[in-house]
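Throughout the sequence shown, residue numbering follows the numbering used here, covering 1 to 540 in sequence.
For each residue, glycine too, the CB sits at the ideal point set by N, CA and C.
Notes for the one structure printed next.
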Amino acid sequence: MSNSTKYIFVTGGVTSSLGKGIISASLAKLLQSRGFSVTIQKLDPYINVDPGTLNPYEHGECFVTDDGAETDLDLGHYERFLNVPTSQANNVTTGRIYQSVIDKERRGEYLGKTVQIIPHITDEIKERIQILGKKGTYEFVITEIGGTVGDIESLPYIEAVRQLKWELNEDAMFIHLTLVPFLSASGELKTKPTQHSVKTLLEYGVQPDVLVCRTEHHLNKELRNKIARFCNVDQDAVIESIDAKSIYEVPVLMKEEKLDEVVLRKLSMPSTVEPDLSNWSLFLEKWSNPKKTVRIGLVGKYVELKDSYKSIAESFIHAGAANQVKVELRWIHSEKLNEENVGVMLDGLSGLLVAPGFGSRGIEGKICAIKHAREYRIPFLGICLGMQCAVIEFARNVLNLKGAHTTEIDPDSPNPVIDLMDDQKSITDKGGTMRLGAYPCELNKDSVAYHAYGRSEISERHRHRYEFNNDYLSAFEEAGMSAAGINPLSGLVEIIEIKDHPWFVGVQFHPEYKSTVAMPHPIFNSFVKAVVNEEHLVKA
Ligand code: GLN
């Protein structure tokens with residue numbers, strides 16, 4: 001047995017959206033629960049340098065790490081499952097690989113050689129995969145290769161991991177995720193798509209060690225044997241991944257299927273410790289036995305695509321379980337909200353969240369919803385743009401500041417209560433130039449936030465260019481909206497609160513990026529608690 005880092009490569013076949021991210025996170029959870037240190041990495045085959053410039057309709061939410069990387073939403077799952085922060089090194093895109101190779105070429109580092117996909121692009125990919133292992137912190141690095149085997153875009157990645165397997169030998173292995181469809185007309189599960197997908201992999205020189213088969217019905221022994229025989233894998237390496245009610249059940253299902261045992265055997269890593277999923281099971285127990293249901297409205301402009309607000313929805317699952325309630329989200333399109341219908345649209349809700357976002361579309365609907373929550377004393381949480389809208393609403397309707405706005409939308413506003421940050425003024429490039437990642441914040445001891453966190457020094461992740469305009473701070477404070485959290489270095493207002501309200505909090509940062517199963521976020525926790533306490537006020 002060697003002491004080096006073990007690499008597990010996860011590929012996908014047949015269709016996209018089979019849940020490679022959840023399978024990778026579940027396997028990582030099982031290995032972690034046996035005491036191993038694990039990290040997960042995602043390789044994305046698109047040419048954008050990072051998903052920061054992508055519209056959420058394209059790729060869902062952009063997840064931000066402590067070190068300010070704008071990354072794929074799967075990294076959110078990795079953190080929520082493992083409770084270990086990820087970083088820039090955990091997400092690699094084709095754009096980033098090419099950018100780095102082209103930069104090296106310009107610096108003359110290839111010494112006159114012709115720069116080619118093999119070996120230059122593949123070497124760069126191999127290096128990025130091994131960066132995490134070389135840190136010496138992790139016993140396992142699970143690398144998820146985005147896309148589906150056979151796609152033109154993912155070919156260099158498959159070639160790179162084929163070479164790595166050859167070099168690392170027993171320190172590396174392959175897991176291939178496929179679909180076993182059910183044909184209702186014949187009432188049968190079909191293995192052919194899996195066989196073809198494995199054949200495609202074999203053409204590229206990759207023999208999977210484990211097959212994880214997504215299915216709507218249980219796979220019987222005969223079917224598993226058939227898949228094993230056609231695809232050259234052990235019978236117990238054909239793992240069933242049946243549809244689950246929640247992604248959080250998948251680690252338990254994978255434990256029953258012994259995925260971790262098979263993986264450890266393939267990598268010659270004996271483990272005498274059984275996976276300890278007791279805390280995880282406690283969470284599932286609370287999640288599946290809520291004492292009541294509360295309804296919270298989520299106002300945003302991408303509500304047709306729920307992946308756009310993935311981390312927010314997951315944060316409510318964590319905070320709901322912690323409070324033993326089921327949080328039912330009503331997704332409300334901000335463009336459809338106005339003064340006339342706001343009462344009807346928000347009827348029956350015991351809490352309101354206004355989501356982050358960019359640009360003018362739907363902004364007046366968000367402001368309308370916030371006015372309603374403030375006046376009818378409905379617990380309210382505004383995140384980033386949601387916080388900025390709460391400031392604009394208060395300026396217009398309480399402080400009577402004419403035309404109050406954010407200069408993002410009205411650059412000529414006579415009352416720019418939200419304004420571009422000073423260090424953003426000279427920036428023209430869009431990619432990776434926002435105020436990104438973790439910054440410290442100091443909480444006012446007499447705030448709701450302080451009580452939620454139970455301490456005054458916090459650190460939260462950001463992704464914005466605009467900020468509260470401190471020229472207006474004293475006017476806001478006198479009228480009852482206070483700065484509950486301030487960045488101690490720059491003086492930026494990070495949290496606003498209304499004192500004379502059951503629970504009205506706006507945060508410039510994104511608490512949703514830091515909520516995990518093991519540590520539900522204090523802001524979501526406190527918000528859900530307030531929603532439960534104030535529920536009696538909701539009209540039946
Ligand atoms: N568009 C706003 C800004 O850039 C808010 C960003 C956000 O909600 N993430 O400041």
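query: For the ligand GLN, any of its heavy atoms closer than 7 angstroms to the Cβ of proline 356?
result: Here residue 356 is taken as the residue at index 356 of the sequence shown, counted from 1. Yes; taking the cut-off as 7 angstroms, the Cβ of proline 356 has a heavy atom of the ligand GLN nearer than that.
message: Can you tell me whether alanine 313 is helix, strand or coil according to DSSP?
response: As a working note, residue 313 is residue 313 in the sequence shown. The answer is helix: DSSP assigns alanine 313 an H, G or I state.
task: Check whether the Cβ of tyrosine 472 sits closer than 7 angstroms to any heavy atom of the ligand GLN, and report yes or no.
output: Position 472 of the sequence shown, counted from the first residue, corresponds to residue 472. The answer is no for tyrosine 472.
query: How is aspartate 50 classed by DSSP in three states: helix, strand or coil?
result: Translated into the one-based positions of the sequence shown, residue 50 becomes position 50. Aspartate 50 falls in the coil class under three-state DSSP.
query: Quick one, which of Phe140, Ser197, Lys29 has its alpha-carbon nearest glycine 147's?
result: Residue numbering aside, residue 147 sits at position 147 when the sequence shown is read from its first letter. Of Phe140, Ser197, Lys29, the residue nearest in Cα terms is Ser197.
- prompt: With respect to 7 angstroms, is the separation between the Cβ of serine 408 and the closest non-hydrogen atom of the ligand GLN below this value?
  reply: Along the sequence shown, read from residue 1 onward, the residue named residue 408 stands at position 408. In the sequence as displayed, the identity of residue 408 is glutamate instead of serine. Taking the Cβ of glutamate 408 as the reference point, at least one heavy atom of the ligand GLN falls within a distance shorter than 7 angstroms.
- request: Report the partner residues of glutamate 494 according to the DSSP bridge assignment.
  value: Here residue 494 corresponds to residue number 494 of the sequence shown, with the count starting at 1. According to DSSP, which records beta bridges pairwise, glutamate 494 is partnered with nothing at all.
query: Which class does histidine 176 belong to by DSSP, given the choice of helix, strand or coil?
result: As a first step, residue 176 must be located in the sequence shown, where it is residue number 176. Assignment of histidine 176 by DSSP, reduced to helix, strand and coil, places it in the strand class.
Reduced DSSP secondary structure (H/G/I, E/B, other) of histidine 618: Nothing about residue 618 can be reported from this structure: the residues present for the chain run from 1 to 540 only.
Spatially closest choice to alanine 479 from Ser281, Glu497, Ser490, by CA coordinates: The sequence position of residue 479 within the sequence shown is 479, counting from 1. The option with the nearest alpha carbon to alanine 479 is Glu497.
Under the three-state DSSP convention, the category histidine 333 falls into: Sequence index remark: in the sequence shown, residue 333 carries index 333 (1-based). Correct three-state label for histidine 333: strand.
Nearest-angstrom Cα separation, counted from proline 488 out to lysine 445: Position 445 of the sequence shown, counting from 1, holds the residue named residue 445. Position 488 of the sequence shown, counting from 1, holds the residue named residue 488. Spanning the two alpha carbons is a distance of roughly 14 angstroms.
query: Just curious, the beta strand (DSSP E) that cysteine 213 is in, first and last residue?
result: The residue given as residue 213 occupies position 213 in the sequence shown. That run of the beta strand (DSSP E) goes 210 to 215.
- prompt: If you compare alpha carbons, which of Lys306, Thr178, Leu349 is closest to glutamate 240?
  reply: As a working mapping, residue 240 is identified with position 240 in the sequence shown. The candidate whose alpha carbon is nearest that of glutamate 240 is Thr178.
task: Using the DSSP secondary-structure output, state which residues sit across from glutamate 457 in a beta bridge.
output: Within the sequence shown, numbered from 1, the residue matching residue 457 stands at position 457. Note: glutamate 457 sits in a beta bridge opposite Glu442.
message: Taking the alpha carbon of leucine 284 as the reference point, which residue from Leu253, Val263, Glu256, Ala321 has its own alpha carbon closest?
response: Stepping through the sequence shown from its first residue, residue 284 is reached at position 284. When each option's Cα is compared against that of leucine 284, the closest is Ala321.
message: So lysine 301 and glycine 357 are supposed to be a Cβ contact under 8 angstroms. How far apart are they, rounded?
response: The residue labelled residue 301 in the question sits at position 301 within the sequence shown. The residue labelled residue 357 in the question sits at position 357 within the sequence shown. 6 angstroms between Cβ atoms; contact.
- prompt: First and last residue of the beta strand (DSSP E) that includes glutamate 240?
  reply: If you number the sequence shown from 1, residue 240 lands on position 240. Element bounds for glutamate 240: 238 to 242.
query: If you draw a straight line from the C-alpha of glycine 21 to the C-alpha of serine 246, how long is it?
result: Mapped onto the sequence shown, residue 21 falls at position 21. Mapped onto the sequence shown, residue 246 falls at position 246. Looking at the two C-alpha atoms, the distance is approximately 14 angstroms.
task: Return the chain-ordered list of same chain residues with a C-beta closer than 6 angstroms to the C-beta of aspartate 500, the five sequence neighbours on each side being excluded.
output: Residue 500 sits at position 500 when you count from the first residue of the sequence shown. Excluding positions up to five away in sequence, the list reads Gly480.
- request: Leaving out five residues on either side along the sequence, give the residues of the same chain with a beta carbon under 6 angstroms from the beta carbon of serine 24.
  value: Along the sequence shown, read from residue 1 onward, the residue named residue 24 stands at position 24. Taken in chain order, the residues that qualify are Val10, Ile40, Ile142, Glu144.
- request: Return the bridge partner residues of glycine 112 from the DSSP annotation.
  value: As a working note, residue 112 is residue 112 in the sequence shown. DSSP output for glycine 112 lists no bridge partner at all.
- request: Tell me where the alpha helix (DSSP H) around methionine 481 begins and ends.
  value: Position 481 of the sequence shown holds residue 481. Where methionine 481 is concerned, there is no enclosing alpha helix (DSSP H), although the beta strand (DSSP E) it sits in stretches over 481 to 486.
task: With hydrogens ignored, establish whether the beta-carbon of arginine 465 is closer than 7 angstroms to any heavy atom of the ligand GLN.
output: Position 465 of the sequence shown, counting from 1, holds the residue named residue 465. Yes, since a heavy atom of the ligand GLN falls inside the 7 angstroms radius drawn around the Cβ of arginine 465.
task: Given a cut-off of 8 angstroms, decide if proline 45 and asparagine 62 are closer than it, judged by their beta-carbon atoms.
output: Numbered from 1 along the sequence shown, position 62 holds the residue referred to as residue 62. Numbered from 1 along the sequence shown, position 45 holds the residue referred to as residue 45. Looking at the sequence itself, residue 62 is cysteine, so the reference to asparagine does not match. Going by C-beta atoms, cysteine 62 is not nearer than 8 angstroms to proline 45.
- request: Return yes when the C-beta of leucine 353 is under 7 angstroms from any heavy atom of the ligand GLN, and no when it is not.
  value: As a working note, residue 353 is residue 353 in the sequence shown. Answer for leucine 353: no, Cβ out of range of the ligand GLN.
query: Nearest to leucine 305 by alpha carbon, out of Tyr204, Glu58, Leu30, Val327?
result: Mapped onto the sequence shown, residue 305 falls at position 305. When each option's Cα is compared against that of leucine 305, the closest is Glu58.
- prompt: From cysteine 368 to isoleucine 418, what does the alpha carbon distance come to, in whole angstroms?
  reply: Numbered from its first residue, the sequence shown carries residue 368 at position 368. Numbered from its first residue, the sequence shown carries residue 418 at position 418. Those two C-alpha atoms are separated by around 17 angstroms.
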